[in-house]
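Here our numbering is used: the first residue of the sequence shown is 222, the next is one more, and so on.
Think of the CB as a built atom: it goes at the ideal place given N, C-alpha and C, for glycine as much as any other residue.
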Amino acid sequence: MQDFFYKPIENGSDCVVGYQGDEAEVVIPDNRNVTILADNLFAGHKEITSVHIPDTVTDLGEFLFDGCENLRHIKLPSCLTSLWGYTFCRSGLEEVILPDKLKTLPPFAFKDCKNLKRVVCGKGMKKIHAWVFSGCDQLEEVLCGPDVDISPEAYDTKLLNT
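Right, here's the structure in full:
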């Protein structure tokens, strides 16, 4: 069972604001013009192992896959231009290929992804912010172009004392 709940956006597209389901493979229907997946949409769904996102999606919300510890495969949409903070935190991803239209990785995007080993940035990547890979203990490789501005703290596993 997979049910999605939508909210219209002013530009005529839709935002997926709710999800109910218990299947390992999640397929977001492509019969609507969905451009945003809202914050926390799949948070805590430990049963999810793969997600198919339509190419119309441009924005992935905060904590979208938080705690999806069995999520191993995701094909990101080619139109993706924005990740919000903590999008993939505490997920089980092992490898991510980022699309060419994505220009920045926000702080904590992959925080505590304990299985993440490889990230391939698209041609449009310009900036990787601080703490993007904080707590990614298994990270072996981040492939990106020579002109990408990478924060010195991008790979920091120690956070600021607060």
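Leaving out the 5 sequence neighbours to the left and right, which residues in its chain are closer than 8 angstroms to residue i when beta-carbon positions are compared?
i: K324; result: T302, G345, M346, K347, K348
i: N222; result: The sequence as given places Met at residue 222; Asn does not occur at that position. Q241, G242, D243, E244.
i: F329; result: G306, Y307, C310, W352, V353, S355
Measuring alpha carbon to alpha carbon, tell me which residue in the options is nearest residue i.
i: L304; options: F331, Y227, L314; result: F331
i: V238; options: P367, V248, I257; result: I257
i: E362; options: S234, E246, L337, T277; result: L337
i: L281; options: D368, F309, G265, T270; result: F309
i: D218; options: E315, N252, G343; result: Only positions 222 to 383 of the chain appear in this structure, which leaves residue 218 out of reach.
i: A264; options: K228, V278, F286; result: F286
i: L319; options: C365, K335, Q359, A351; result: C365
Any idea which residues DSSP pairs residue i with across the strands?
i: L292; result: In DSSP, L292 forms no bridge with anything.
i: R311; result: Answer is none; R311 lacks a bridge partner.
i: T325; result: K348
i: P229; result: D235
i: L364; result: V341
i: V317; result: V340
Run the CB neighbour count on residue i, radius 10 Å, all protein chains shown included, and call it buried at 16 or more, exposed below.
i: S299; result: exposed
i: F284; result: buried
i: I230; result: exposed
i: D368; result: exposed
i: D358; result: exposed
Who are the Cβ neighbours of residue i in its own chain at under 7 angstroms, not counting the five residues just before and after it?
i: I249; result: F225, V237, V255, H273, I274, P275
Short of 6 angstroms in beta carbon distance, which residues of its chain neighbour residue i, apart from the five on each side in sequence? Order them along the chain.
i: H294; result: S271
i: V340; result: V317, V363
i: S234; result: N254, T256
i: E396; result: Outside the modelled stretch of the chain, which goes from 222 to 383, sits residue 396, for which no answer is possible.
i: Y376; result: F354
Complete beta strand (DSSP E) runs within the segment 234-290 (minimum length 3 residues, chain order): Whole beta strand (DSSP E) segments, 3+ residues: 235-242, 246-248, 255-258, 271-273.
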